[in-house]
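Beneath this line is the structure, given in structure tokens, with notes to follow.
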């Protein structure tokens, strides 16, 4: 990984994003670092909710932006609130970005809440507004609310029009966040059909999904995968167990929402050792060998290597180390430590001179013309020479592995290029 020649104009983490005609679109998320753990005040200050839409052309590095608070947006305060949440679930389908839920302020009541809104965003119109100020954002969005959508820290996917949308894990958190507080974890994979005719939205819940104790997870990585040349998903790790630890056993999910978790108590069951929190994960698959690879760059981790020795830390520190989990055609999982990691960049702000730690709540953007399957998994067999396969953008950058102080971290403006070197 190398630092790219361009960056975000400001740090941004836990955002929603899309790619349209080569342009990267960012909205929502937060502009500060790791939240506070205080028992006084709001640990997610609304002032740090991102209310700006950014459009970046990665070929030139040029960024265009416009605030949702601008009068040209034509939005109500309630709409701005739903479009500036943190840890929303989002999924791009063609020229439409669907944004669901997320945690943020209700300006009218002054209370923090998890939204129950689905917003369909016309990306072409949104980009036009960012660049020209017209037509309004109001004409680029349509919204609908439903209790099943009231989720934050999960994931949203749809395999194709013949399968329902899947709202995977996460929680419903209401009120002020505290270190010892918990939201209501969904503990399930919710499926629903969305009727979108371009003008109106309608939601039809699919068959109810069972709630399972080991599905008590949020802020995890849900990764599109290929298995025996068929698409699916794997939910990796996440937080928190009842003992405030990390989850380690992956959950295998089919496009229809049915799922399977291997028995955790079985000694032969794979348990993820590192990179347990949301990070810019990406997948590669070989049709030839039928091996799937999920790459986890940095983030927050229970396990890490120090001086060549594997260690663990129950405080779950920030790390720069990268691992890859291989899933073979027999569903055997193996995790490997990679040689590469984030570049050495030292802090010039808090804790000056300390190495910055990246990856938590960042996003991965595939490079143009990288061959991929329909679900976004990169076609590994078609990459025969060293090539930049994508970019890691934003996230939290921390000056310390372990910290409870908001001044020790901030949102990252950095963009890193990721090069694959076949061996």
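In our numbering, the protein residues as written are 96 to 518.
By construction, the Cβ of each residue, glycine as well, lies at the ideal position given by its N, Cα and C atoms.
Checklist entry - CA-CA distance, residue 320 and residue 345? => result Position 225 of the chain shown, counting from 1, holds the residue named residue 320. Position 250 of the chain shown, counting from 1, holds the residue named residue 345. Those two C-alpha atoms are separated by around 12 angstroms.
Checklist entry - So residue 224 is in the alpha helix (DSSP H); what residue range does that whole segment cover? => result Stepping through the chain shown from its first residue, residue 224 is reached at position 129. Start and end: 218 to 227.
Checklist entry - According to the neighbour-count rule (16 or more other Cβ atoms, all chains shown, within 10 Å of its Cβ), is residue 442 buried or exposed? => result Here the question's residue 442 lines up with position 347 in the chain shown. With 16 or more other Cβ atoms within 10 Å, it is buried.
Next on the checklist: Can you confirm whether the segment 158 to 172 touches the segment 187 to 198 when touching is taken to mean that 3 or more C-beta pairs between the two stretches lie within less than 8 angstroms?
Outcome noted: no
Checklist entry - By Cβ distance below 8 angstroms, which residues in the same chain neighbour residue 439 in space, the five residues on each side in sequence not counted? => result Translated into the one-based positions of the chain shown, residue 439 becomes position 344. Result list for residue 439: 450, in chain order.
Checklist entry - When the distance is taken between beta carbons, is residue 213 closer than 8 angstroms to residue 244? => result Residue 244 sits at position 149 when you count from the first residue of the chain shown. Residue 213 sits at position 118 when you count from the first residue of the chain shown. Yes, these two residues count as a Cβ contact at 8 angstroms.
Checklist entry - So what's residue 493 in DSSP terms, helix, strand or just coil? => result What you label residue 493 is simply residue 398 of the chain shown in a count that begins at 1. Residue 493: strand per DSSP, three-state reduction.
Checklist entry - Going by Cα to Cα distance, which pick from 325, 342, 322, 324 is closest to residue 331? => result As a working note, residue 331 is residue 236 in the chain shown. Cα-wise, what sits closest to residue 331 is 342.
Next on the checklist: Using 8 angstroms as the cut-off, can you tell me whether the segment 346 to 365 makes contact with the segment 138 to 158, which would need three or more C-beta pairs spanning the two stretches below that distance?
Outcome noted: no
Item to check | residue 419 - containing beta strand (DSSP E), residue span | outcome: In the chain shown, the residue the question calls residue 419 occupies position 324. That run of the beta strand (DSSP E) goes 413 to 422.
Checklist entry - Among 384, 314, 354, which residue has its Cα nearest to the Cα of residue 370? => result One-based indexing of the chain shown puts residue 370 at position 275. Checking every option, the nearest Cα to that of residue 370 belongs to 314.
Checklist entry - What's the C-alpha gap between residue 237 and residue 221? => result Locating residue 237 in the chain shown gives position 142, where the first residue counts as 1. Locating residue 221 in the chain shown gives position 126, where the first residue counts as 1. If I take the Cα positions, the gap works out to 12 angstroms.
Checklist entry - Which of the three DSSP states, helix, strand or coil, is assigned to residue 233? => result As a position in the chain shown, residue 233 is number 138, starting the count at 1. In this structure, residue 233 counts as helix in the three-state DSSP scheme.
Next on the checklist: Looking at the strands, I want to know which residues DSSP matches up with residue 505.
Outcome noted: To locate residue 505, count along the chain shown from 1; it is residue 410. Answer is 127, 492, bridged to residue 505.
Next on the checklist: Using a Cβ-Cβ cutoff of less than 8 angstroms, which residues in the same chain neighbour residue 477 once the five nearest sequence positions on both sides are dropped?
Outcome noted: Along the chain shown, read from residue 1 onward, the residue named residue 477 stands at position 382. If we look at residue 477 and ignore the five residues flanking it on each side, its Cβ neighbours are 466.
Checklist entry - Could you give the C-beta distance for residue 459 and residue 485, rounded to a whole number, given that I count them as a contact under 8 angstroms? => result On the chain shown, position 364 is the one that residue 459 refers to. On the chain shown, position 390 is the one that residue 485 refers to. Going by Cβ atoms, the distance from residue 459 to residue 485 rounds to 6 angstroms, so yes, they are a contact pair.
Checklist entry - Would you report the Cα separation of residue 111 and residue 210, rounded to the nearest angstrom? => result Mapped onto the chain shown, residue 111 falls at position 16. Mapped onto the chain shown, residue 210 falls at position 115. Roughly 15 angstroms separates the two Cα atoms.
Next on the checklist: For residue 429, report the span of its beta strand (DSSP E) as first-last.
Outcome noted: For the purposes of this step, residue 429 is identified with residue 334 of the chain shown, where counting begins at 1. Segment 428 to 436, the beta strand (DSSP E) holding residue 429.
Next on the checklist: Please report the distance separating the alpha-carbon of residue 234 from that of residue 355.
Outcome noted: Against the chain shown, residue 234 aligns to sequence position 139. Against the chain shown, residue 355 aligns to sequence position 260. Each residue's Cα considered, the two are about 41 angstroms apart.
Next on the checklist: For residue 424, which residues in the same chain have their Cβ closer than 6 angstroms to its Cβ, ignoring the five residues on either side in sequence?
Outcome noted: The count along the chain shown starts at 1 and reaches residue 424 at position 329. The answer, listed in chain order, is 323, 385.
Checklist entry - Which whole runs of the beta strand (DSSP E) in the segment 173 to 212 are 3 residues long or more, in chain order? => result 184 to 188, 191 to 195, 198 to 201, 206 to 209
Checklist entry - If we call anything under 8 angstroms between Cβ atoms a contact, is residue 489 one with residue 455? => result Locating residue 489 in the chain shown gives position 394, where the first residue counts as 1. Locating residue 455 in the chain shown gives position 360, where the first residue counts as 1. No; because the gap between Cβ atoms is not below 8 angstroms, this pair is not in contact.
Checklist entry - Taking C-alpha atoms, which residue in 273, 282, 501 lies nearest to residue 444? => result One-based indexing of the chain shown puts residue 444 at position 349. For the residues 273, 282, 501, the minimum Cα distance to residue 444 belongs to 501.
Checklist entry - Who are the Cβ neighbours of residue 55 in its own chain at under 6 angstroms, not counting the five residues just before and after it? => result Past the boundaries of the shown model lies residue 55; the chain is included only from 96 to 518, so the question cannot be answered.
Checklist entry - Closest to residue 360 by CA distance: which of 337, 309, 397, 375 is it? => result Sequence index remark: in the chain shown, residue 360 carries index 265 (1-based). It is 309.
Item to check | Cutoff 6 angstroms; reference residue 115; Cβ partners in own chain excluding five residues on either side | outcome: By one-based count along the chain shown, residue 115 stands at place 20. If we look at residue 115 and ignore the five residues flanking it on each side, its Cβ neighbours are 218.
Checklist entry - Among residues of its own chain, excluding the 5 on either side of residue 339, which ones have a beta-carbon nearer than 7 angstroms to its beta-carbon? => result Stepping through the chain shown from its first residue, residue 339 is reached at position 244. So the list is empty, once near-sequence residues are dropped.
Item to check | Reduced DSSP secondary structure (H/G/I, E/B, other) of residue 401 | outcome: As a first step, residue 401 is located in the chain shown; it is residue number 306 there, counting from the start. If DSSP states are grouped into helix, strand and coil, residue 401 belongs with the strands.
Item to check | Proximity to residue 142 [Cα-Cα], best of 151, 152, 130, 149 | outcome: Walking along the chain shown from the start, residue 142 turns up at place 47. That would be 130, whose Cα lies nearest to the Cα of residue 142.
Checklist entry - With distances taken from CA atoms, which of 462, 276, 509 is nearest residue 452? => result By 1-based counting over the chain shown, the position of residue 452 is 357. Checked all of 462, 276, 509; the closest Cα to residue 452 is 509.
Checklist entry - Does DSSP classify residue 168 as helix, strand or coil? => result The residue given as residue 168 occupies position 73 in the chain shown. If DSSP states are grouped into helix, strand and coil, residue 168 belongs with the helices.
Item to check | Residue nearest to residue 297 in terms of C-alpha spacing, selected from 239, 132, 253, 249 | outcome: Position 202 of the chain shown holds residue 297. For residue 297, the nearest C-alpha among the options comes from 239.
Item to check | Anticipated Cβ contact below 8 angstroms, residue 193 with residue 252, distance rounded | outcome: As a position in the chain shown, residue 193 is number 98, starting the count at 1. As a position in the chain shown, residue 252 is number 157, starting the count at 1. No, residue 193 and residue 252 are not in contact; Cβ-Cβ is about 10 angstroms, not under 8 angstroms.
Item to check | Pair within 8 angstroms by beta-carbon distance, residue 205 and residue 176 | outcome: Residue 205 sits at position 110 when you count from the first residue of the chain shown. Residue 176 sits at position 81 when you count from the first residue of the chain shown. Not closer than 8 angstroms, so no.
Next on the checklist: If I follow the unbroken beta strand (DSSP E) through residue 297, where does it start and stop?
Outcome noted: Taking the first residue of the chain shown as 1, we reach residue 297 at position 202. Looking at the DSSP string, the run of the beta strand (DSSP E) that includes residue 297 is 296 to 300.
Checklist entry - Given residue 430, which residues of its chain have a CB within under 6 angstroms of its CB, disregarding the five upstream and five downstream residues? => result Position 335 of the chain shown, counted from the start, is the residue given in the question as residue 430. For residue 430, where only same-chain residues beyond five positions count, the Cβ hits under 6 angstroms are 368, 418, 420.
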